[in-house]
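S.K.:
4 protein chains.
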Amino acid sequence: MKVWQDGKVELNGMIESYTVGKDRELDHQLLTYDIYGTAAHGAMLREIGILTDDEFLSLKKALNRMLGKVTRGEFGLAPGDEDVHSCIERHLTLELGDVGKKVHTGRSRNDQVIVDIRLYARDRLLELKGELLSLCLEFLEFAEGNRVVPMPGYTHMRRAMPSSVGLWAGSIVESLLDDLIYIDAAYEHNHMNPLGSAAGYGVPLPLDRELTTSLLGFRKTQNNVLYVQNSRGKLELGIIDALKQVMLDLNRFATDVILFSMDEFGFFTVPPELCTGSSIMPQKKNPDVLELMRANYYEILSCSNKVAGIVGSLPSGYNRDVQLTKEPLMVALELTISTVSVCRLVVSGMEVNPGDMESALVPSLFAADGALEQTLLGKPFREAYMEFKDDSRWSRTSEDIFRGKDYPGAPGNPGLEAIGRDINEQRARVCRERERVRDTFDRLMGI
Amino acid sequence: MKVWQDGKVELNGMIESYTVGKDRELDHQLLTYDIYGTAAHGAMLREIGILTDDEFLSLKKALNRMLGKVTRGEFGLAPGDEDVHSCIERHLTLELGDVGKKVHTGRSRNDQVIVDIRLYARDRLLELKGELLSLCLEFLEFAEGNRVVPMPGYTHMRRAMPSSVGLWAGSIVESLLDDLIYIDAAYEHNHMNPLGSAAGYGVPLPLDRELTTSLLGFRKTQNNVLYVQNSRGKLELGIIDALKQVMLDLNRFATDVILFSMDEFGFFTVPPELCTGSSIMPQKKNPDVLELMRANYYEILSCSNKVAGIVGSLPSGYNRDVQLTKEPLMVALELTISTVSVCRLVVSGMEVNPGDMESALVPSLFAADGALEQTLLGKPFREAYMEFKDDSRWSRTSEDIFRGKDYPGAPGNPGLEAIGRDINEQRARVCRERERVRDTFDRLMGI
Amino acid sequence: MKVWQDGKVELNGMIESYTVGKDRELDHQLLTYDIYGTAAHGAMLREIGILTDDEFLSLKKALNRMLGKVTRGEFGLAPGDEDVHSCIERHLTLELGDVGKKVHTGRSRNDQVIVDIRLYARDRLLELKGELLSLCLEFLEFAEGNRVVPMPGYTHMRRAMPSSVGLWAGSIVESLLDDLIYIDAAYEHNHMNPLGSAAGYGVPLPLDRELTTSLLGFRKTQNNVLYVQNSRGKLELGIIDALKQVMLDLNRFATDVILFSMDEFGFFTVPPELCTGSSIMPQKKNPDVLELMRANYYEILSCSNKVAGIVGSLPSGYNRDVQLTKEPLMVALELTISTVSVCRLVVSGMEVNPGDMESALVPSLFAADGALEQTLLGKPFREAYMEFKDDSRWSRTSEDIFRGKDYPGAPGNPGLEAIGRDINEQRARVCRERERVRDTFDRLMGI
Amino acid sequence: MKVWQDGKVELNGMIESYTVGKDRELDHQLLTYDIYGTAAHGAMLREIGILTDDEFLSLKKALNRMLGKVTRGEFGLAPGDEDVHSCIERHLTLELGDVGKKVHTGRSRNDQVIVDIRLYARDRLLELKGELLSLCLEFLEFAEGNRVVPMPGYTHMRRAMPSSVGLWAGSIVESLLDDLIYIDAAYEHNHMNPLGSAAGYGVPLPLDRELTTSLLGFRKTQNNVLYVQNSRGKLELGIIDALKQVMLDLNRFATDVILFSMDEFGFFTVPPELCTGSSIMPQKKNPDVLELMRANYYEILSCSNKVAGIVGSLPSGYNRDVQLTKEPLMVALELTISTVSVCRLVVSGMEVNPGDMESALVPSLFAADGALEQTLLGKPFREAYMEFKDDSRWSRTSEDIFRGKDYPGAPGNPGLEAIGRDINEQRARVCRERERVRDTFDRLMGI
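Residue numbers (my numbering), protein chains in the order written: chain E, 1 to 447; chain W, 1001 to 1447; chain H, 2001 to 2447; chain P, 3001 to 3447.
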């Protein structure tokens, strides 16, 4: 029976299955966070006198036992549970009687699910940042090991100018590091305590919202209780849009490697243990993993669009539609994290073939350099340019092909040291925040 | 072990899990179709002398046994099976030895998966058409029962002119019937036999493609073997885009009913057994099912966008990216079918409150009619219009409010008879096609 | 002054500019169609006695004069005109006095704009079909001229099996021809007369809707007057989604040609007069036109998404939001037509380099063929497959590389004759329909 | 003639028109920024000895003259100019001869267009922030003026609990203020100097990138020159996704107001001078401006999707596809700014009707409050809840309907003072940054 049912009217079965959707499956990942949220709400109810000290103590013990079971995989939603909140309420009531019912005082499932999702997203975003920075380190190592290796640079997918493997790999690291700007923005937006919103219009009880904010380690209370509900979907959109930036970088990386590891190029080799074969062509070594990294960018795009569509043209206040924003958020976070991890594996195993790159450094690549060097002798660039349209002027300088291109960021000087420092600083920040969050939860559940 | 592995190189575990994705789960729905496809391919191999009569007979028996098991839920993919095709190949080889291996001659998993998806989509589209036409009948009945009930008509979400429940419900039926144009187009596009494509470049064997076309009941052979591969994703897009049309209609229906069943309107009542409650507000009866119907439109949109994104900017020939078009196709088909079914339930239970509509027929709704009636007396419409800006001129005609609005399609004459005939014709067509398909499969598997 | 203003309240300037948007610019393309629609409505008004014969005659003459001016570019919207309908009404009133006002009897701008858009879309879709079939012919000629030229076939962007230029080009033609299924579906949906809907709730006048249907050459009347309004956006979506199919084909063609014309491949050469240069690299010949063809696929996708988003979660009846579906429809139609035309130019100038393809036919491409040929000697394919994992078994058959691949649709037999017949039949159909439409308009405006 | 043409090969006319697209029109807005970029690049070239002091002085004077003309509207792109860069180069060469050509040394149009877009986006984002904060102030004033006005709160579009106008308006302000998190993230990402990238692979000249960074007032140099090119599209996506957040808020505001100003509610009145009429219904006052605000959210979504699609699956290095990201960026920025301005006008004119809200505060709204108040007497909430399913228990407390709901963020205490302080701090920050940018440009162009 649902928490809102009185036994008189039975929800139609087909409707129930349609409305529950994938909630039971998805909510499994929210169990821990619902326990934390309940512990914090309970502590606050004691503070304002709705729970007695004893009631709160027994609640906390029960929640700790539950947490243990969840960790050991011994706890889950039953078919009859409408969602994670009903499931936990049912268990607490079974175990504690009235206290299990009282803990529901002053909150609705609407703000419960929001607090769960925020705590979940906070953890996943921190995990993502950790994985992302590990990937950056992997790329950096790759870049450093191949910094001086010349490589053709392309524009319009046509040979353009000489480049270096260090520049190519460095470009990816810098791009990934900039993604942190967006992830941090979403993290900040997410980092607000929604508790106290109830159904979006508050409750006639003297809730102490600052207390739950502090107990759950949020940076601040989300003030307006209606905005709490209205931010459902909006925040999910903010998070997924940040993930798009990461997946776009990985999409480009995959596109590059698929291209540059074709036999026609041979610049890179994807290791055989990362390749799959064909059921009909014995000779094939296919870069499926890279193709799927490329394709999964569109999965994340579609998560963003789903959320953006669902919340569009909805009036203020909770609408059931937003329930469907939970899945795309979770899918997007999990998929981005796993794609980042898989990418690290690819980078760590990828081989560079300097010989093939070397032989691809044809004279035409040096036409612009030739013309530009004329300008140092005082010739206007446009004139030199016209002269160098004649291919007899093109020639590959056998010596230092990066001569003069050693200013910061240029192919001969990709500036990897500064990147390394940046990565390390960011890693330290992530570590500190992860510790802070862990400590907060330990304190919250400590008896 | 994969069909393409020689035991020397082992695919990395994280990569395997990333590349397999949800295939095992999704492929379960393709088992039956893979059996049909294998039976047809086998029959053709016998015809061209690659299988002997005895080999084919034992193959057919084995496939029939397998089909029985699938039907009884006793057959499924094992964790080691890469996909449905490998699973069936493994079983056949276990049971039949060399024959199980020989049946793979002249086809690749690429054309296997395509034939499976086409047969699957053909069945689902027929099911959808059936459900859709049942929904049309339900709407028609609803429209007929309330044909003469006056209802305010809105533009810009402002009271505009008098309308009727019959007109409103009729508008939905006609819209749904037009969706069949798009579904039929996708059905036609899908209705081509891909077998013989192999990996997109054919095989050096004298395949008889017309034979498998006939055995599987396709309307024609998809000629160009490279186009077979290139149509992966393209066809899925065509199908999902047709489903968008259906879901858009249901989104609008849900939007209307949510609005018109608000207490502020009271035009319709959604029956209590289709409503859910709130965990905090005892008085609530929420139309969750309609909100989710509204939101699921965006799920289908995002399926379309995922496919459109994945196949964009990919070169000719199979690319693994397209594997990810399978899930959105299946999700879109299943979700559209279930939404149509759920909608039927809603329509069948929905109550009309003529009293509330009646009292909403305020004089302002009749301003345009008043002005227009002046034109019958010879006054230019623009002059009458200016006069009727004055609200003292507005008055509700107590008599027939649809007077003069009885030409075909107008509120007083929604033309439901013709719609009924149309629905019945379409239903007969769907029945015939379903029978044809069923007979084809029976004949194919008959011994 | 707007047609609905009484001079008492003035619309705020910033609001006016925000609400008018690009209408004035876009409506220019609807002038002709608004004239046709007005002529048909006028003829109907005469039939039901609202216009006298003389009034109608003078109206028709004025409309013919206006049509002449539009054709000669001497007519356009003035800054004060809210839209095309107001513009024409103003001119007619200026010229004819009361008759110019009376012709507005029984229709609203809502059904005017719908009839305009349908007539516009009908013409553009016919134009597109014509251009598309010309492109098919160009591809066919290209395919025929290179039918026997061998070319490597790729899967996963890795050399896979031998293919032919004829197979490649043929795959594009067949794909384009299948697009006609979707275009025809949209054409059929669009091919309904909306007149008589007024604001979506009819008018109390004895309109003869079948007459305007016949005068404007529509295949039928769109019966339900509310559905007429509700189909705004829905139909635009149907049309644009059909265009997506075309643009997807051209996106793939562009992707292929950009790749295969890289120096690393050299299979095709894009003629210099279709290439652009670089401001800094004198040697560059960039395939900008192909890159933009590739990118414009996403323009069309975004047109579809804009429309799908705008009409989502809107209640029945006209809402101003749908005004914004006009631009994406027009942009999508014009851009698709111009991309098809540009593509034809590219195909007609594209050169094939058989030598480069020849040297790309490396032994690995023949591994599957080698294994398959073993099956003709009775060896189970899976065994032969494992043997041919050994690259010492790979060898290029010097003789006929398409040996055995001459069944319909295979690389050695792309089946171009049947395609040619199909194109010609389709062209004849388009011609007939264009003539029918032209004759209808001539008859309508004839005096 | 194009800067890259040698007069031997002429670009085909249809191709030229297809490739130029809307560049000429769009580039008009970049003129000023291209002048600034050229001035900074010139100053740097003098610093490294490529321009003499005299050459630089004459360049600067010419640029200042040009800037004056642009400001006075006397300067624009000619039909022959390929883009803004070619246009300015042509003028400078005409006026200064060789110096006009020399200033092109060491940069390509690729990094020119990037610097232009960044400076343009920086200005537009600052403008947006200014407008957004003004809108926040307007909303705040509205909220303060109606803080104590009770209003029904809805969930699932059903009457739920008592709310207040202050809470409703406050929820919008807080949401808008959080948008600044995303705008600031995009601003930071955008705030990097790309100059020195050339075509993405540097130039063999000792460019001083830090100097141009400082002259143009960027927060830092974007180090990796390939990443500069690869960030094209990526950055645009980041910006537009931030704008989506703003437009989502305005979409919800519009949805709310359209609903709540229906006659059936009457909570708000949109002033007549912001409404438009109907051509057929004399009585209508339509909220077109709000409908278009609602719809324009989807325009911004589609801008985001267009960019996300275009840059997907493209390899590293400049590809012409990204040229098409310029229009969606500009459209999105301009449209968001104008929508924010229009919204301010609406808020400033909107009237609140306390009477209608008052009479909508029906007893059912108080059911949850009633049940919750029982918990203060010690009753477990779930029991009280079941009792209050009985509508005889519902009653509207005639006294303070917000009794007990005065904790921060609740309907009785929307916390507007803190919001006010936040707005003012943010406004001060924007002012300072705008001044800093203006001063930078003044210093750059000062002689």
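Backbone N, C-alpha and C fix where the C-beta goes; we use that ideal spot for every residue, glycine too.
Is there a Cβ from chain E that is less than 8 Å from the Cβ of W:T948?
M.R.: No statement about residue 948 of chain W is possible, as the shown extent of chain W runs from 1001 to 1447 and does not include it.
S.K.: Return the CA-CA distance between E:Y298 and P:K3244, expressed in angstroms with no decimal places.
M.R.: Distance between the alpha carbons of E:Y298 and P:K3244: 19 Å.
S.K.: Does DSSP put W:R1382 in a helix, in a strand, or in coil?
M.R.: Looking at W:R1382 - three-state DSSP - the assignment turns out to be helix.
S.K.: Which residue wins for smallest C-alpha separation from H:D2383, given the options W:H1104, W:V1322, W:I1280, W:G1073?
M.R.: Before going on, a small fix: residue 2383 of chain H reads as Glu here, not Asp. The shortest C-alpha separation from H:E2383 is found at W:H1104.
S.K.: Using a Cβ cut-off of 8 Å, pull out every chain E residue sitting near W:I1183, in sequence order please.
M.R.: Going along chain E, no residue has its Cβ under 8 Å from W:I1183, so there is no contact; the nearest lies around 22 Å.
S.K.: To the nearest angstrom, how far is it from the Cα of H:T2339 to the Cα of W:G1409?
M.R.: Looking at the two C-alpha atoms, the distance is approximately 40 Å.
S.K.: Which residues in chain W sit within 7 Å of P:F3388, going by Cβ to Cβ distance?
M.R.: The answer, in chain order, is P1282.
S.K.: Three Cβ pairs or more, each shorter than 8 Å: is that satisfied between the region 3181-3195 of chain P and the region 3230-3247 of chain P?
M.R.: Counting Cβ pairs under 8 Å, three or more are found: they touch.
S.K.: So if I threshold CB-CB distances at 8 Å, which residues from the region 1334-1368 of chain W count as touching chain H?
M.R.: Listed in sequence order: A1368.
S.K.: Taking only beta-carbon positions, decide if H:G2446 is within less than 8 Å of chain E.
M.R.: No - not a single Cβ of chain E is within 8 Å of the one on H:G2446.
S.K.: In angstroms, rounded to a whole number, what distance separates the CA positions of E:L196 and W:L1416?
M.R.: Going by the sequence as given, residue 196 of chain E is Gly instead of Leu. Each residue's Cα considered, the two are about 52 Å apart.
S.K.: Could you tell me which of P:N3296, P:R3294, P:L3119 sits nearest to P:L3216, measuring between CA atoms?
M.R.: Closest by alpha carbon: P:L3119.
S.K.: Can you tell me where the beta strand (DSSP E) with P:S3164 in it begins and where it stops?
M.R.: Run containing P:S3164: 3158-3164, per the beta strand (DSSP E) assignment.
S.K.: Tell me whether H:G1980 sits in a helix, a strand or coil according to DSSP, three-state version.
M.R.: Since the first residue shown for chain H is 2001 and the last is 2447, residue 1980 of chain H is missing from the structure and cannot be characterised.
S.K.: Kindly indicate if chain H contains any beta-carbon less than 8 Å away from that of E:E383.
M.R.: Output row for E:E383: interface = no.
S.K.: Indicate whether P:Y3227 and E:S175 have their beta-carbon atoms separated by less than 8 Å.
M.R.: Cβ distance < 8 Å, so P:Y3227 and E:S175 count as in contact.
S.K.: With distances taken between CB atoms, is the gap from H:T2019 to H:I2088 smaller than 8 Å?
M.R.: Contact: no.
S.K.: Which one or two residues does DSSP pair with P:M3192 in a beta bridge?
M.R.: According to DSSP, P:M3192 bridges with P:K3220.
S.K.: Could you name the residues that DSSP lists as bridge partners for H:V2352?
M.R.: The partner list for H:V2352 (beta bridge, DSSP) reads H:F2268.
S.K.: Once DSSP output is grouped into helix, strand and coil, what is the label at H:T2052?
M.R.: In the structure shown, H:T2052 sits in coil (DSSP, three-state: anything other than H, G, I, E or B).
S.K.: List the residues of chain E that W:K1306 touches, going by C-beta distances under 7 Å, in chain order.
M.R.: Within chain E, the residues near W:K1306 are Y298, E299, S302.
S.K.: What in chain P is Cβ-close to E:P448, meaning under 7 Å?
M.R.: Because chain E here runs from 1 to 447, residue 448 of chain E falls outside it and cannot be looked at.
S.K.: Name the chain E residues that come within less than 7 Å of P:V3311, Cβ to Cβ?
M.R.: Chain E residues near P:V3311: L248.
S.K.: Counting only C-beta atoms, is P:N3223 closer than 8 Å to chain E at any point?
M.R.: So, interface residue.
S.K.: Could you check if P:M3262 belongs to the surroundings of the ligand MN, using beta carbon to heavy atom distance under 7 Å?
M.R.: Judged by which ligands are present, the structure shown has none, so any question about the ligand MN falls away.
S.K.: Give a yes or no on whether the C-beta atoms belonging to H:V2311 and H:L2290 are separated by under 8 Å.
M.R.: Contact: no.
S.K.: May I have a chain-ordered list of the alpha helix (DSSP H) segments no shorter than 4 residues that lie completely inside the region 1017-1095 of chain W?
M.R.: 1023-1027, 1031-1047, 1053-1071, all fully within the region 1017-1095 of chain W.
S.K.: At a cut of 8 Å, does the region 379-393 of chain E reach the region 3098-3118 of chain P through at least three beta carbon pairs?
M.R.: The answer is yes - the region 3098-3118 of chain P touches the region 379-393 of chain E, with three or more Cβ pairs under 8 Å.
S.K.: Of all the options E:C136, E:Q222, E:R436, E:M281, which has the alpha carbon lying nearest to the alpha carbon of P:A3418?
M.R.: Comparing Cα-Cα distances from P:A3418 to each of E:C136, E:Q222, E:R436, E:M281, the minimum goes to E:Q222.
S.K.: Can E:L211 and E:M44 be called in contact, C-beta distance under 8 Å?
M.R.: A contact, by the Cβ cut-off of 8 Å.
S.K.: Strictly by DSSP, which residues pair up with H:T2276?
M.R.: Bridge partners of H:T2276: H:N2286.
S.K.: Would DSSP call W:E1010 helix, strand or coil?
M.R.: Note: W:E1010 maps to coil in three-state DSSP.
S.K.: Give the DSSP-derived three-state secondary structure of E:W168 in the structure shown.
M.R.: E:W168: helix per DSSP, three-state reduction.
S.K.: Under 9 Å Cβ-Cβ, which residues of chain H neighbour P:N3251?
M.R.: Those do not exist, as P:N3251 stays about 10 Å from chain H at its closest Cβ, beyond 9 Å.
S.K.: Counting contacts by CB-CB distance shorter than 8 Å, is E:V103 in contact with chain W?
M.R.: No, because no Cβ of chain W sits closer than 8 Å to the Cβ of E:V103.
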